[in-house]
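Peer 1: Counting from 21, one number per residue, gives the positions in the sequence shown under the working numbering.
A virtual CB, placed ideally from N, CA and C, is assigned to each residue, including glycine.
Encoded as structure tokens, here's the structure I'll be asking about.
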Amino acid sequence: MGRGAPVTMTVSSHQSTVTDVLGRPLRSLRLSVTDRCNLRCAYCMPEEEYVWLPRENLLSFEEMATLTSYFTDLGVDKVRLTGGEPLLRRDLPRLIRLLLQNRHITEIALTTNGILLADQIQALYEAGLHRVTISLDTLRPERFRQLTRRDEYARVLEGIESVGRAGFTGLKLDTVAIKGFNDDELISLIEFGKHYQAEVRFIEYMDVGGANNWSADKVLPLESMLAILGKHYGAIEPIPGRGAAPAQRFRLSDGTSFGVIASTTTPFCAACDRSRVTADGMWYRCLYATVGNDLRQPLRDGISAEDMRAYIRQGWEGRRDRGAEDRKALERVGMREARLIGIEKLREDPHLEMHARGG
Ligand code: SAM
Ligand code: SF4
Ligand code: SF4
């Protein structure tokens, strides 16, 4: 099936919307297809070995599509495939084709580190993937190796180059901006983005999980990013109309746009419409949530579609999560770092790691 091919499957014909305790609708789903990764970014997976999710627990693509259909019945229309590194999951285009049979889905996006992208890009395009986001934290090969513990910078570049060639537009490049590490590259990254018609988005370093030794002094806040960029480019104008998007967008005087995802210093929980499902079917209603719901077991036990929808509806209607805002409140009383999860606890429950729940 090619891009935009008609949709024929399986899901109920009417979509209802459900809102949580704070009135936030359920609109977007991040589907983690694997917890494994071929990099070891210091801010995400600093250890070499992890307690991986047991293989028999990983959802099949059919199970993912079925679970997704319950979410789309309740209002989700955007799906982002993530991981771990999603391209490590064999034959991802097949999952995309399955998901596109669901007529409620208007957008499927992929977040990848880019290493395996050049090889797979054509098949992903033909399967109907709509958007690609590539994570790129530095343009210096040696710095890349130091950050990721792998010598893969050249392959990431090939991945970036392949996206436009395959026919995609709207490439995004996501950079975790870390004070004292890559804060001297913001301008080079914007210029690099211009070259590939890509919008660069700078992400503030987040304190999810705990193995990554996050500390407040490594966070490059939104205001500092704008100061660095403003000094070089001059006036920076905010672009209105953010909606529920995590990124605040800005425009430089030459028309170039960029984004900042400032969840550490300027949380945007009030509009958050995102759910996350891990590769083994745990559902989290917040990136910071420590408790999730197992959807795999009921699914494998043969729960009816109606009961599963009711379960998810109930879960969303009870949602009060505002993880980033809660962390910010802790900061005011000097307790933010105390909430980082210790390595032993992370080993007991690997779902608590950023790489398991998909960033
Ligand atoms: N492996 C893929 C990638 O790197 O694009 C997808 C999964 S990764 C967990 C998704 C996003 O989360 C990446 O853009 C990554 O930079 C971001 N991320 C991971 N840990 C982070 C942290 N501590 N703070 C901010 N962003 C983080
Ligand atoms: Fe880096 Fe993404 Fe892998 Fe995390 S999951 S280590 S951010 S490439
Ligand atoms: Fe949404 Fe949780 Fe992130 Fe806030 S911290 S924006 S509620 S996922």
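Between A85 and the rest of its own chain, which residues show a CB-CB distance below 6 Å, the 5 nearest in sequence each way excluded?
Peer 2: Within the sequence shown, numbered from 1, the residue matching residue 85 stands at position 65. These residues qualify, in order along the chain: L118, L119.
Peer 1: Can you give me the Cβ contacts of L240 inside the same chain, cut-off strictly under 6 Å, excluding the 5 residues immediately before and after it?
Peer 2: Position 220 of the sequence shown, counting from 1, holds the residue named residue 240. So the list reads A197, K199, D203, once near-sequence residues are dropped.
Peer 1: Given the structure, does C289 come close to ligand 5, in the sense that its CB is under 6 Å from one of the ligand's heavy atoms?
Peer 2: In terms of ligand content, the structure shown lacks ligand 5 and carries ligand 1, ligand 2 and ligand 3 instead.
Peer 1: Taking the alpha-carbon positions, what's the R294 to G378 distance?
Peer 2: In the sequence shown, residue 294 corresponds to position 274, counting from 1. In the sequence shown, residue 378 corresponds to position 358, counting from 1. Each residue's Cα considered, the two are about 12 Å apart.
Peer 1: Which first and last residues belong to the beta strand (DSSP E) in which A4 is found?
Peer 2: Lying before the first or after the last residue shown, residue 4 is absent from the chain, which here runs from 21 to 379.
Peer 1: Within this structure, are the beta carbons of L101 and R56 separated by less than 7 Å?
Peer 2: Looking up residue 101 in the sequence shown gives position 81. Looking up residue 56 in the sequence shown gives position 36. Not in contact: L101 and R56 (Cβ atoms no closer than 7 Å).
Peer 1: Measuring only from the beta carbon, is I223 closer than 6 Å to any heavy atom that is part of ligand 1?
Peer 2: Numbered from 1 along the sequence shown, position 203 holds the residue referred to as residue 223. Yes, since a heavy atom of ligand 1 falls inside the 6 Å radius drawn around the Cβ of I223.
Peer 1: What separation, rounded to the nearest whole angstrom, lies between the Cα atoms of D386 and R175?
Peer 2: Outside the shown range of the chain (21 to 379) lies residue 386, about which nothing can therefore be said.
Peer 1: Using the beta-carbon of each residue, find all residues closer than 5 Å to any heavy atom of ligand 2 and list them in chain order.
Peer 2: Cβ-based neighbours of ligand 2 within the cut-off: C57, L59, C61, C64, M65, N133, H375.
Peer 1: Does DSSP put Y304 in a helix, in a strand, or in coil?
Peer 2: As a position in the sequence shown, residue 304 is number 284, starting the count at 1. Of the three classes helix, strand and coil, the one that applies to Y304 here is strand, per DSSP.
Peer 1: Which residues share a DSSP beta bridge with F222?
Peer 2: On the sequence shown, position 202 is the one that residue 222 refers to. According to DSSP, which records beta bridges pairwise, F222 is partnered with T195, V280.
Peer 1: Going straight from the alpha carbon of L246 to that of E105, what length do you get?
Peer 2: Residue numbering aside, residue 246 sits at position 226 when the sequence shown is read from its first letter. Residue numbering aside, residue 105 sits at position 85 when the sequence shown is read from its first letter. Straight-line Cα distance between these residues: approximately 30 Å.
Peer 1: Mapping DSSP to helix, strand and coil, what is F270?
Peer 2: Residue mapping note: residue 270 aligns to position 250 of the sequence shown, counting from 1. Note: F270 maps to strand in three-state DSSP.
Peer 1: What is the DSSP secondary structure of L350, reduced to helix, strand or coil?
Peer 2: Here residue 350 refers to the residue found at position 330 of the sequence shown. Helix at L350.
Peer 1: Report the rounded CA-to-CA distance for G103 versus E337, giving the unit in angstroms.
Peer 2: Counting from 1 along the sequence shown, the entry for residue 103 is found at position 83. Counting from 1 along the sequence shown, the entry for residue 337 is found at position 317. So the two alpha carbons sit approximately 26 Å from each other.
Peer 1: Indicate the three-state DSSP secondary structure (helix, strand or coil) for D40 in the structure shown.
Peer 2: In the sequence shown, residue 40 corresponds to position 20, counting from 1. Three-state result, D40: coil.
Peer 1: For R329 and G335, what's the separation of their Cα atoms in angstroms?
Peer 2: Translated into the one-based positions of the sequence shown, residue 329 becomes position 309. Translated into the one-based positions of the sequence shown, residue 335 becomes position 315. So the alpha carbons of these two residues sit roughly 10 Å apart.
Peer 1: Who are D203's beta bridge partners in DSSP?
Peer 2: What you label residue 203 is simply residue 183 of the sequence shown in a count that begins at 1. In DSSP, D203 forms no bridge with anything.
Peer 1: DSSP three-state label for L101, please.
Peer 2: Here residue 101 refers to the residue found at position 81 when the sequence shown is read from its first residue. The answer is strand: DSSP assigns L101 an E or B state.
Peer 1: Rounded to whole angstroms, how far is the Cβ of R305 from the Cβ of D341, which I believe are closer than 8 Å?
Peer 2: If you number the sequence shown from 1, residue 305 lands on position 285. If you number the sequence shown from 1, residue 341 lands on position 321. Yes, R305 and D341 are in contact; Cβ-Cβ is about 5 Å, under 8 Å.
Peer 1: Run through DSSP, which three-state label would T153 get?
Peer 2: In the sequence shown, counting from the first residue as 1, residue 153 sits at position 133. In the structure shown, T153 sits in a strand (DSSP, three-state: E or B).
Peer 1: What is the rounded straight-line gap between the Cα of L73 and the Cα of V53?
Peer 2: In the sequence shown, residue 73 corresponds to position 53, counting from 1. In the sequence shown, residue 53 corresponds to position 33, counting from 1. Cα-Cα distance, rounded: 11 Å.
Peer 1: For the stretch 214 to 224 against the stretch 250 to 262, do three or more pairs of beta-carbon atoms, one drawn from each stretch, fall closer than 8 Å, so that the two count as touching?
Peer 2: No: fewer than three Cβ pairs fall under 8 Å.
Peer 1: Identify which residue in L360, L249, G301, R44 has its Cα closest to the Cα of Y265.
Peer 2: If you number the sequence shown from 1, residue 265 lands on position 245. In the sequence on display, residue 265 carries Ala and not Tyr. Nearest C-alpha to A265: R44.
Peer 1: Looking at ligand 3, does it come within less than 6 Å of R342, judged from the CB to the closest heavy atom?
Peer 2: What you label residue 342 is simply residue 322 of the sequence shown in a count that begins at 1. True, at least one ligand heavy atom lies under 6 Å from that Cβ.
Peer 1: Are the stretch 270 to 288 and the stretch 316 to 330 touching by the rule of at least three beta carbon pairs closer than 8 Å?
Peer 2: Result no; under three Cβ-Cβ pairs closer than 8 Å.
Peer 1: Would you report the Cα separation of R352 and I281, rounded to the nearest angstrom?
Peer 2: By 1-based counting over the sequence shown, the position of residue 352 is 332. By 1-based counting over the sequence shown, the position of residue 281 is 261. The straight-line gap from Cα to Cα measures roughly 21 Å.
Peer 1: Just to confirm, does S36 get its C-beta within under 6 Å of one of the non-hydrogen atoms of ligand 1?
Peer 2: In the sequence shown, residue 36 corresponds to position 16, counting from 1. No, since every heavy atom of ligand 1 falls outside the 6 Å radius drawn around the Cβ of S36.
Peer 1: Using the Cα positions of E146 and L350, report the straight-line distance between them to the nearest angstrom.
Peer 2: On the sequence shown, residue 146 is found 126 positions in, with the first residue counted as 1. On the sequence shown, residue 350 is found 330 positions in, with the first residue counted as 1. Roughly 47 Å between the two C-alpha positions.
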